[in-house]
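Peer 1: In the numbering used here, the protein residues as written are 9 to 139.
Each residue gets a CB set at the ideal place from its N, CA and C atoms; glycine is no exception.
Got a structure for you, questions after.
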């Protein structure tokens with residue numbers, strides 16, 4: 009699965025117009041038990057994608073869905089970080105509500121990432137079919 013992930017990252021990097029980005033791929037268990045994750049520094053531009061292929065296989069995750077999803081997180085990284093920073097600013101003296109606000113930011117960012125992923129995949133498939 010590692011070779012398939014690396015090939016998919018290269019393909020989606022081109023499809024997403026990220027040819028000028030440094031995209032690093034790291035394999036192995038993730039500290040929070042996730043199957044995949046992304047960290048990005050768009051100001052450089054750079055992203056690191058983390059994959060646990062063994063866990064992905066046991067959970068039935070597909071490379072074709074997971075790779076563009078994680079890369080879409082990188083596209084939204086600055087927006088998400090700004091939202092999390094605002095949570096810290098607005099609720100600096102209220103840890104309970106700060107935690108609630110951060111969970112909401114992360115939940116909506118995950119939903120938005122899934123929408124972006126599906127849109128990217130649909131556009132790619134439509135292009136392949138000449139639509």
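Measure the alpha-carbon distance for residue 33 versus residue 11 and round it to whole angstroms.
Peer 2: Cα-Cα distance, rounded: 11 Å.
Peer 1: Leaving out five residues before and five after residue 95 in sequence, what residues of the same chain have Cβ atoms less than 7 Å from its Cβ?
Peer 2: 106, 109, 110, 113
Peer 1: Closer than 8 Å by C-beta to residue 53: which residues in its own chain qualify, once you throw out the five before and the five after it? Chain order, please.
Peer 2: 26, 28, 29, 30.
Peer 1: With distances taken Cα to Cα, identify the nearest neighbour of residue 42 among 64, 83, 116.
Peer 2: 64
Peer 1: Looking at C-alpha atoms only, which residue of 137, 79, 58 is the closest neighbour of residue 22?
Peer 2: 79
Peer 1: With distances taken Cα to Cα, identify the nearest neighbour of residue 167 among 24, 51, 58.
Peer 2: In the structure as shown, the chain begins at 9 and stops at 139. Residue 167 is therefore absent and cannot be evaluated.
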